[in-house]
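K.L.:
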Amino acid sequence: MFQCYQSYPATKPDSSLNNLRSILYLYLCIYKVLSKAFGGPTEAPSGPNFEGTYVAPDTRPKKSTTKRFHAAIFLQDLAVTLQEKWTEEDDRVSQHLTGHPKRAAIETTFHCEAPPTLPPTDRFSFREAPWADINRELRDLETEIIDITDSLELDATVGRLTGRISAAIRQLAPVARPSPYGKRWWTPELTALRDTYTWARNRRTQARRYGVDLAALDDTASYLRKQYHRAIRDAKRRHWREFLDNTDNIWKAARYLQPGSLSMGIVPTLRSGEQTINDDQGKAHALLETFFPPLPNVQDEPPRDRLLPDALPMETITKHEIEVALMRMASWKAPGPDALPVVVWQQMWPTVKHWVVEIFQASLRLGYFPRAWKVAKIVVIPKGGRDSSLPKSYRPISLLATLGKVLEAVVANRISALVEKHQLLPLNHFGARRRRSCEQALNILIEKIHDAWREGKVLSLVSFDVKGAYNGVDRNVLLRRLRERRVPEVLIRWVDSFCSSRRASIVVNTYQSEEMAIEHAGLPQGSPLSPILFLFLNANLVDVSITRRKGAIAFVDDYTRWTVGSSAEANTTVLQRKVIPRALEWAAQSGAAFEAEKTSFTHFTRNQRQRQLPAVPLHVNGATVTPAPEIKILGVIIDQGLRFKSHIGKAANKGMKAVLALRRLLGLPPSVARQLFTSTVASKIDYAASVWCPIRQDAIVAAGIARPFEVIQRVASQAIVGVFRSTALAIAEAEAGIEPTVVRLRARILKHWIVCHTLPKDHPFWSCRAAAAMQDGRYLSPFKILAKHGPQCLSDMEVIRPFPLDPRQRSLGELIATVGSDMQELHEAGHARLWLFTSVSVRNGLVGTGLVVRVNQVDIVSSNRTVGTEDALNAHFAQLGVVSEAVAYVKTMLPRIQMSPWKVQVTIVVNNPAVLLSLAKPRLQGGQALITQITEALNQLLEMGAKVSLKPPTDKDCEKTTRAHTLARKAAEVNSEVNPPPWARVQLRASALRWARANVKQHRKDNFQLWTTGQFTRQLDSALPGPHTKMLYDSLDREKASILAQLRTGHARLNGYLHRIGKTDSDLCECGVERETVPHFLLRCTRWNEQRRALIEAVGPNLGSLSQMLGGLSEPSSRLQWRRDGWLLKGEEEDLNEKLRMWLRYKMYISYGAAHTS
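Following the numbering used here, the numbering of the sequence shown begins with 202 at its first residue and continues without gaps.
1) Between the Cα of A722 and the Cα atoms of Q993, L730 and Y671, which residue gives the shortest distance?
2) Would you be able to state if there are at least three C-beta pairs under 8 Å between the segment 542-556 and the segment 567-584?
3) Do V892 and H804 have their beta-carbon atoms positioned less than 9 Å apart in this structure?
4) In whole angstroms, give me the CA-to-CA distance for R686 and R615.
5) Starting from S1042, trace the beta strand (DSSP E) in both directions and tell me its first and last residue.
6) Start and end of the beta strand (DSSP E) containing W763?
7) Does DSSP classify E522 as helix, strand or coil?
8) What is the DSSP secondary structure of M998, counted as helix, strand or coil?
9) Can you find the residues in the same chain that come closer than 7 Å, C-beta to C-beta, to T517, ignoring five residues on each side of it along the sequence?
10) H630 bridges to which residues according to DSSP?
11) Would M1100 and A1185 qualify as a contact pair, given that the criterion is a beta-carbon distance under 9 Å?
12) Going straight from the alpha carbon of F198 to that of D1238, what length do you get?
13) Grab me the residues of V667's own chain with a C-beta within less than 6 Å of its C-beta, minus the 5 sequence neighbours each way, in chain order.
14) Thinking V1116 and H1077 are a contact (beta carbons under 8 Å), I'd like their distance in whole angstroms, please.
15) Alpha carbon to alpha carbon, how far is I1351 from S918?
16) Taking three-plus beta-carbon pairs below 8 Å as touching, is the segment 1229-1238 in contact with the segment 865-873?
17) So, is G1263 buried or exposed, given that buried needs 16 or more other C-beta atoms within 10 angstroms?
18) Going by the CB atoms, is the gap between I1017 and L1120 shorter than 9 Å?
19) If we ignore side chains and look at the alpha-carbon of each, how far apart do I560 and R634 end up?
20) For G1014, which three-state DSSP category applies?
21) Based on Cα-Cα distance, which residue from S714, K437, H521 and H953 lies nearest to R385?
22) Residues bridged to V826 by DSSP?
23) What's the C-alpha gap between E475 and L591?
24) Does at least one heavy atom of the ligand SAH sit under 8 Å from the Cβ of R442?
25) Return yes when the Cβ of V674 is within less than 9 Å of the Cβ of L738, no when it is not.
26) Here's the rule: buried if 16 or more other CB atoms are within 10 angstroms of the residue's CB, otherwise exposed. What is P818?
27) Among the candidates P909, C894 and F910, whose CA atom is the shortest distance from the CA of A903?
28) Taking 9 Å as the threshold (C-beta atoms), are E940 and V924 in contact?
29) According to the Cβ coordinates, are I1001 and Q1188 closer than 9 Å?
30) Looking at the structure shown, is H721 part of a helix, part of a strand, or coil, going by DSSP?
31) Which stretch, first to last residue, makes up the alpha helix (DSSP H) that contains E1174?
32) For a test of the three-state rule: what should DSSP assign to E685, helix, strand or coil?
33) When you compare only the Cα positions, how much space is there between K286 and T477?
34) Flag this pair as yes or no: are the beta carbons of K1148 and V1107 separated by less than 9 Å?
35) Output the boundary residues of the beta strand (DSSP E) element that contains V745.
36) First and last residue of the alpha helix (DSSP H) that includes I1244?
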């Protein structure tokens, strides 16, 4: 019920209709408020339908002499306008109001029903759950026998397992405790202050209503109001600082850099054709119709002359690969309808592992995906930069059962391994595949454009986007494509069940629809299996060889095709006659459609005559596509002449928005702010830098490229350490510990170039790399410049493959986990105990290895070798190499031991824990070939019956480990002859990246010396730029870091600087002795004698130089030594440094802050 009072003069009752019309304005306001509260439209309809019920005049005693018109309004119907209804009753209203001139009331009734809301559910605090108790509650699951023979038993088993775990969680897991207040920063003290202020305000209002004006009440209410609002600001600030002090909240704070990213948002009024949809139920149906439209008729493919190839074999999935897939999944992703996040299965794995293994194996064996895992809860997220009133501006995300997603991840991993091993997909498909990226695809396109230009030709390109990619997949077509590509038949049958009979409910605002069958579900968005399956659907379209005259690249549903010819007109003819019909034929045979709005077309040429020719359009399925001067491909805006001005401007705009949001996060410690800058600002700028960033002939980024980003660097320096805007940019970057733009981009390009050289030899990169090596003359491509002027240490680079091991192959984690068990026990007579002690030493620029072999209690082998130089190898790779030698020695030793292999116990002692971790969990890392070799050799020993374990050294192994290390150190002595084994004759990625980092570091120093600004800071700290500034600032909070940065740069709130920028009339200090500068303020000003006396008492009469006080260094920072609470220099007095830091942090900061920051 809403009450309003409309004043009107008693002598003018004829104005009643105007008063009634004013109710319409009030109604419109009320309607907008309620619509926003209930998630409805904010546009008011034409007007309400009033019932016209008159209520007797209000006869309550008046509290003032003001005459008011009273109306009580209840929402009901929205059909007829207020004016139409009340024009007929104008006379009656006037008579009624004339009879009661002082006060009249009209009651109007509407009808309002709140839309159905989501049912309340208990939210459990899984982070605080007693997992040990829950596992004990379900320990009977470990011994229960499971036998699954058909799909019904499989569904029942899944339901029984999920039900048991859900019941245990409801019984033992604590319910999440919501904040007692709507705002987390609210405190009971604020409640008391609010009540006190409200009481004083009400007393003042009551006094004014009776005509009493008391100044004391006004003063009291004003004072309490200020106190209340000041307490609110302090509470917010305190809560924010406590939030940032917790390092676990760094990425949660990063989400504040993108407004609107914290929630899915409210779906407003939708427009479907000419229809406007206000209620959430109608929105849900409109969105479902948009997400899952009827599939077009699939055109029959022409009959094939040859039979389908034989399908590949499929091995049974193992417990090991299920566990790996489960542990790699994000623990706190949003769960599906079962409300069980991944962390539940990770914590319950020891108890339920044999249930999960049996369910997964039965699912693949039966070719049946459990029914409970096919149900999805769909949430919608808006697509950026789209009209929010259109249903197609939203993307559906399916929240699925997490255990089902683990099985999908296992199957996806199996299919991906088959794809890479047997080349089941085209080489130019770059999406959803390991070791393939958008940047690599764009590199290939740029190289082909330069190749065409050198031949005096034009490259014309057309880009397609599949409409509703995942949701529009036809199941039968997908299965046919999988058979064509030799996917195992057992997986095809399982995918058939996975894609059929899917059900879903959709959540829109506070409404959740009933679970319903999805007739054309396609592939669920949010499934880890959907991307790799979609690649098979469009593989026939993408399968185009990249040659001098044509080519294609694809990234999931983005498909780009080009042709090279003598002119743009000739290329357009080729595209229209060959490329477009082939693409449309694929769409017709696959049940897909291209989105006309996203189809783009352009000609790449720097020939002005070609650009001035009349543009000939393409005709794609009834739509006309004209050539554009620039085109956006995989996130990069590419213009006809490859100048990339539009993309650089777009990247600068994105970076500026992100860095301004970073600066708004007040109170961030310097270390956190720097990390957020790297992850949220620099990443937006540096994306695909090797594509758009121009490189000079000396492989240095052109200085002009940094100008659009200078303001971003300056704002970032302010956000990190609080330097003033007038500080020289080079000094600000050095103080903030961030790299200049040109240095960062060069580092990014060099790293990408080095990583590309570790790709498998069948990757399209290598053909472009070979073509770039033969280039000569004009239009040198980025690959040619990098190959000629970039790092020259990339010959014989190690190859890092997408899958270091076959998914079903067991890693060595179990062998390492057995340390401390029966492997340590002595064996009875007749058993052999074989020990191998390995060690590595890196010194004097050389890498040496040592190996000691012991059988039972007798040392039989002691060897060492200088395997290479420190520039080419590292300790990790050398340790892997010596372990591989040890394993090879064991294989040759077993036949010489005259006993059965099962009587031999082999223990390899590895001195490097990182090597054990690499062997236990192989990743895409250096030394992959050695890891594979060691794993395969040890598995062969296990198959022979030998007992093998790997372990770090213990106290019992100290003597032999020391001996092995002594041998390794001896091999790394000066003037030792390098004798590399076969495994060491390879260029490591880590070594090349180390060279790149050293090169970039020198480039940064050279770039810093080019600037002559900031002489005060340069004289204060001769070691700039260096890592010591990070150590200095990271030990302080934001406020103290800002003060220190201002003191170190000389741009501080001191009269010497303020007068220079026109903020004060004089540059003299208030003490009247001399100009107020940083040296005067810290060392000589008499106003701070008391604080300076405390420093002298603590340190002594020798305060040291200004450089020492402010953390300056006189030489490069290699002499830095880290301490728990800061840093100091080797060779200097620790006490002096400690007391100087204490003075800086507590005395000077407090004094300076009180005087100049208040």
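For every residue, glycine included, the Cβ atom is placed at its ideal position computed from N, Cα and C. Model, not experiment: these values are computed from the prediction.
P.N.:
Considering the structure as presented:
1) To locate residue 722, count along the sequence shown from 1; it is residue 521. Of the candidates Q993, L730 and Y671, the one whose C-alpha sits nearest the C-alpha of A722 is Y671.
2) no
3) Within the sequence shown, residue 804 is the residue found at index 603, counting from 1. Within the sequence shown, residue 892 is the residue found at index 691, counting from 1. Against a cut-off of 9 Å, the Cβ pair of V892 and H804 comes out as no contact.
4) Counted from its first residue, the sequence shown places residue 686 at position 485. Counted from its first residue, the sequence shown places residue 615 at position 414. So the two alpha carbons sit approximately 14 Å from each other.
5) In the sequence shown, residue 1042 corresponds to position 841, counting from 1. Per DSSP, S1042 belongs to the beta strand (DSSP E) from A1033 to R1044.
6) Within the sequence shown, residue 763 is the residue found at index 562, counting from 1. Note, W763: beta strand (DSSP E), D759 to G766.
7) Counting from one through the sequence shown, the residue named residue 522 turns up at place 321. Here E522 sits in helix by DSSP.
8) Here residue 998 corresponds to residue number 797 of the sequence shown, with the count starting at 1. Reduced to three states, the DSSP call for M998 is strand.
9) The sequence position of residue 517 within the sequence shown is 316, counting from 1. These residues qualify, in order along the chain: Q562.
10) Stepping through the sequence shown from its first residue, residue 630 is reached at position 429. Within the DSSP bridge table, the entry for H630 names A755 as partners.
11) Position 899 of the sequence shown, counted from the first residue, corresponds to residue 1100. Position 984 of the sequence shown, counted from the first residue, corresponds to residue 1185. Contact annotation: M1100 and A1185 have beta-carbon atoms that are not nearer than 9 Å.
12) Missing from the structure shown is residue 198; the chain here goes from 202 to 1359 and no further.
13) Residue mapping note: residue 667 aligns to position 466 of the sequence shown, counting from 1. If we look at V667 and ignore the five residues flanking it on each side, its Cβ neighbours are D758 and A793.
14) Mapped onto the sequence shown, residue 1116 falls at position 915. Mapped onto the sequence shown, residue 1077 falls at position 876. Contact holds; Cβ gap of about 6 Å.
15) Here residue 1351 refers to the residue found at position 1150 when the sequence shown is read from its first residue. Here residue 918 refers to the residue found at position 717 when the sequence shown is read from its first residue. Because the pLDDT at I1351 is just 39, under 50, the model does not fix this residue reliably, and the point stays unresolved.
16) Cβ pair count under 8 Å is three or more, so yes.
17) For the purposes of this step, residue 1263 is identified with residue 1062 of the sequence shown, where counting begins at 1. With fewer than 16 other Cβ atoms within 10 Å, it is exposed.
18) Within the sequence shown, residue 1120 is the residue found at index 919, counting from 1. Within the sequence shown, residue 1017 is the residue found at index 816, counting from 1. Yes, the pair counts as a contact, with Cβ atoms nearer than the cut-off.
19) Counted from its first residue, the sequence shown places residue 560 at position 359. Counted from its first residue, the sequence shown places residue 634 at position 433. Cα-Cα distance, rounded: 27 Å.
20) Translated into positions along the sequence shown, residue 1014 becomes position 813. Here G1014 carries a helix assignment [DSSP, helix/strand/coil].
21) Residue numbering aside, residue 385 sits at position 184 when the sequence shown is read from its first letter. Minimum Cα distance to R385 is reached at K437.
22) Taking the first residue of the sequence shown as position 1, residue 826 is located at position 625. Looking at the DSSP assignment, V826 forms a beta bridge with L819.
23) Counting from 1 along the sequence shown, the entry for residue 475 is found at position 274. Counting from 1 along the sequence shown, the entry for residue 591 is found at position 390. A straight line joining the alpha-carbon of E475 with that of L591 spans about 11 Å.
24) Absent from the structure shown: the ligand SAH. Ligands present: none.
25) The residue you call residue 738 lines up with position 537 of the sequence shown. The residue you call residue 674 lines up with position 473 of the sequence shown. Yes. Within cutoff.
26) Position 617 of the sequence shown holds residue 818. It counts as exposed.
27) Position 702 of the sequence shown, counted from the start, is the residue given in the question as residue 903. With distances taken between Cα atoms, A903 lies closest to C894.
28) If you number the sequence shown from 1, residue 924 lands on position 723. If you number the sequence shown from 1, residue 940 lands on position 739. Against a cut-off of 9 Å, the Cβ pair of E940 and V924 comes out as no contact.
29) Along the sequence shown, read from residue 1 onward, the residue named residue 1001 stands at position 800. Along the sequence shown, read from residue 1 onward, the residue named residue 1188 stands at position 987. Not closer than 9 Å, so no.
30) The residue labelled residue 721 in the question sits at position 520 within the sequence shown. In the structure shown, H721 sits in coil (DSSP, three-state: anything other than H, G, I, E or B).
31) Sequence index remark: in the sequence shown, residue 1174 carries index 973 (1-based). In this chain, E1174 is not harboured by any alpha helix (DSSP H), its DSSP state being neither H nor E.
32) Residue numbering aside, residue 685 sits at position 484 when the sequence shown is read from its first letter. DSSP places E685 in helix when its eight states are reduced to three.
33) As a first step, residue 286 is located in the sequence shown; it is residue number 85 there, counting from the start. As a first step, residue 477 is located in the sequence shown; it is residue number 276 there, counting from the start. Here the model assigns K286 a pLDDT of 40, short of 50, so the residue's position is not dependable, and the following value carries that caveat. Between the alpha carbons of K286 and T477 lies a gap of roughly 25 Å.
34) The count along the sequence shown starts at 1 and reaches residue 1148 at position 947. The count along the sequence shown starts at 1 and reaches residue 1107 at position 906. Result yes, Cβ atoms of K1148 and V1107 sit closer than 9 Å.
35) As a position in the sequence shown, residue 745 is number 544, starting the count at 1. Where V745 is concerned, there is no enclosing beta strand (DSSP E), given that its DSSP letter is neither H nor E.
36) Numbered from 1 along the sequence shown, position 1043 holds the residue referred to as residue 1244. Element bounds for I1244: R1239 to T1250.
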